[in-house]
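For reference, the structure discussed in these notes is given below.
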Amino acid sequence: MEGWHAYPLKVIKALTMAFDYYKGNASITDDVFATLGLKIHGGKNVPYVGHF
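This is the structure we're talking about:
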């Protein structure tokens with residue numbers, strides 16, 4: 259699917275809410291790990307938490 263697509267405002271609002279929720283959780287994760295002295299990779303909105 260290439261080119262421009264039009265999405266209903268309802269869909270755009272739902273996606274925005276989902277992204278904002280994710281970014282909020284990512285920020286909390288980043289803050290907690292920083293407090294524990296652990297490094298987070300990937301940036302403030304997309305932290306990568308290693309399990310190794």
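Offset between the sequence shown (1-based) and my numbering: plus 258. Beta carbons: idealized from backbone N, C-alpha and C, even for Gly.
query, result
"Between which two residues does the alpha helix (DSSP H) harbouring G295 extend?", "Run containing G295: none; DSSP gives neither H nor E here."
"Look at the alpha carbon of K268 and the alpha carbon of T293, and state the distance between them as a whole number of angstroms.", "38 Å"
"What's the gap between the Cα of Y265 and the Cα of K281?", "22 Å"
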